[in-house]
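**Student:** Counting in numbering that gives the first Met the number 0, the sequence shown runs from 0 upward without gaps.
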Amino acid sequence: MEDVELHSKEEENIDGVGKLLTLFRDEAVLPVGGMVDPKDYDTAQENSRKFKDIFIELAKDDDEKKELFTKLWPYQEPANTEGL
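(1) Along the chain, where does the alpha helix (DSSP H) that runs through Lys86 open and close?
(2) Label Lys59 either buried or exposed according to how many other C-beta atoms from any shown protein chain fall within 10 Å of its C-beta, with 16 as the threshold for buried.
(3) Within 10 angstroms of its Cβ, does Lys51 collect 16 or more other Cβ (buried), or is it exposed?
(4) Going by DSSP in three states, Ala43 sits in which element: helix, strand or coil?
(5) According to DSSP, simplified to helix, strand and coil, what is Asp25?
(6) Helix, strand or coil for Val16? Go by DSSP, reduced to three states.
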């Protein structure tokens with residue numbers, strides 16, 4: 000029974016996260032599909048970092064949730080390719 004409750008809670012969390020990300024997109028906080036005009040790239044990247052930090056902080060002191068929220072964030076940082 001405990002597994003069912005845990006699974007239900009996880010589904011609830013993921014559903015809530017999805018709704019929040021949809022809200023960010025619908026309110027133009029995040030670009031649809033991650034595409035931005037090249038001249039707006041730096042601003043979009045800064046905004047993405049800021050909202051990602053806010054989003055992850057919603058997990059408070061729950062390390063498992065923070066890890067999940069980090070993985071669910073739709074815009075991951077590009078790999079550093081300098082020096083390759």
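Glycine included, C-beta positions come from ideal geometry on N, C-alpha and C.
**Tutor:** The short version:
(1) No answer is possible for residue 86: it lies beyond the span of the chain, which begins at 0 and ends at 83.
(2) The residue labelled residue 59 in the question sits at position 60 within the sequence shown. Looking at its Cβ environment, which holds fewer than 16 other Cβ atoms inside 10 Å, Lys59 is exposed.
(3) Along the sequence shown, one-based indexing puts residue 51 at 52. By the neighbour-count rule (16 or more Cβ atoms within 10 Å), Lys51 is buried.
(4) For the purposes of this step, residue 43 is identified with residue 44 of the sequence shown, where counting begins at 1. Looking at Ala43 - three-state DSSP - the assignment turns out to be helix.
(5) In the sequence shown, the residue the question calls residue 25 occupies position 26. Correct three-state label for Asp25: helix.
(6) Taking the first residue of the sequence shown as 1, we reach residue 16 at position 17. DSSP places Val16 in helix when its eight states are reduced to three.
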